[in-house]
Amino acid sequence: MAAFSARTAGAVHPGAVTQFAVLDALMNGVYSSGVPVADLPEWGDLGIGCCEGLGGEVILVDGEAFECTADQAPRRMRPTETLPFVDLCFPGDSNPTPVRRVDFAGVTRTVEERLVSRNLFHAIRLDGVMARVRTRVTARQDPPSRPLAEVAAEQIETETVQRAGVVVGFWMPHIYQGISVAGLHLHFLSEDRLIGGHVLDIEIDEAVLRMSAFAQFSLRLPVDEHFLSTELTHGDDHRIVAIEGGARPASGND
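Quick note on numbering: the sequence shown equals residues 26 to 279 in the working numbering.
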């Protein structure tokens, strides 16, 4: 067991990761309401989420929220638009780590080697050139809302090569699976703002990794009738990994 020291404690950021809604709500088709973009600056300036009606993916970079959809290039979101799910934080200062010529498994390994603790929340940011990145977005859903697994089965995938950009996401402790996405969850936005979405697979040419550890997690829940009247239970580990987990190394236990 690794020793916990005052130096390790000092690596924990004093702020919090704030999340609106829970992943199991999306898994059960409960995403009728959301938090306005105008409210996000109070909670953080770096994060990821999804669009209203699951109509795409959202990435927040330097305080700006970008909507990545199937029918147009990423665009800045308006203050009145809403997100049915989002994780965000103020990451603060962190020591940059060069990352070169690694795939998704290598990124995961690099991140996990630098975790302050596997029981804490970590914000991730990578700036650099992606040799290859495969992203997905989902199509907007009209009522009645379908479960996330059904929507993701029809996802639109895009693969791009040699594209500069930013990768943002979180590493969440595994005990929070279902509340959030356990492990590593990343979104990409190209520097030219032409490509973006949830990262399914990635190969990094050269980038700089920044991480911030948090011991505080602030959960904000919807209060619309659909959410309040739907009892949520968790039993979707394998489906969550299949939908959100991106590329993973082969395992004999899968």
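Virtual Cβ for every residue (Gly too), placed ideally from N, Cα, C.
Here the structure is a predicted model, which means the values were calculated and not measured.
Do residue i and residue j have their CB atoms nearer than 7 Å?
{"i": "serine 170", "j": "glycine 54", "result": "yes"}
{"i": "leucine 214", "j": "glycine 194", "result": "no"}
{"i": "proline 82", "j": "glycine 222", "result": "The question names proline, but residue 82 in the sequence shown is glutamate. In this structure, glycine 222 lies closer than 7 Å to glutamate 82 by Cβ."}
{"i": "serine 243", "j": "serine 119", "result": "no"}
{"i": "glycine 74", "j": "cysteine 114", "result": "no"}
{"i": "alanine 46", "j": "proline 247", "result": "yes"}
{"i": "alanine 36", "j": "valine 136", "result": "no"}
Quick one, which of the options has its alpha-carbon nearest residue i's?
{"i": "valine 206", "options": "Arg134, Met52, Glu250", "result": "Met52"}
{"i": "histidine 146", "options": "Arg165, Pro172, Tyr201", "result": "The question names histidine, but residue 146 in the sequence shown is phenylalanine. Taking only the C-alpha atoms, the option nearest phenylalanine 146 is Tyr201."}
{"i": "glutamate 106", "options": "Cys76, Glu89, Gly88, Val86", "result": "Cys76"}
{"i": "glutamine 187", "options": "Glu216, His212, Arg165", "result": "Glu216"}
{"i": "aspartate 87", "options": "Gly78, Ala98, Gln97, Pro66", "result": "Pro66"}
Which same chain residues end up closer than 7 Å to residue i when comparing Cβ atoms and leaving out the 5 residues on each side of it in sequence?
{"i": "arginine 143", "result": "Pro198"}
{"i": "glutamate 231", "result": "Arg125, Gly153, Val154"}
{"i": "histidine 251", "result": "Val55, Ser57"}
Less than 6 Å between C-beta atoms, sequence neighbours within five positions excluded: which residues of the same chain meet that for residue i?
{"i": "proline 116", "result": "Leu71, Ala148, Ser237"}
{"i": "alanine 156", "result": "Glu228, Asp230"}
{"i": "aspartate 49", "result": "Gly203, Leu257, His259"}
{"i": "arginine 218", "result": "Pro99"}
Taking 8 Å as the limit between beta carbons, can you name the residues of its chain near residue i, skipping five residues before and five after?
{"i": "valine 233", "result": "Pro121, Thr122, Pro123, Val124, Leu151, Asp152, Gly153"}
Just to confirm, does residue i get its C-beta within under 6 Å of one of the non-hydrogen atoms of the ligand ADP?
{"i": "glutamate 256", "result": "This structure lacks the ligand ADP; in fact it carries no ligand of any kind."}
**Asked** For the segment 180–190 against the segment 57–71, are there 3 or more C-beta pairs whose distance is under 8 Å?
**Response** Counting C-beta pairs with one atom in each stretch, the segment 180–190 and the segment 57–71 have fewer than three that are closer than 8 Å, which means they do not touch.
**Request:** Check whether the segment 87–100 touches the segment 157–166, taking contact to mean three or more Cβ pairs, one atom from each stretch, closer than 8 Å.
**Result:** yes
**Message:** Three Cβ pairs or more, each shorter than 8 Å: is that satisfied between the segment 98–113 and the segment 131–145?
**Reply:** no
**Item:** Unbroken stretches of the alpha helix (DSSP H), 4 residues or longer, contained in the segment 140–224
**Value:** 173–177
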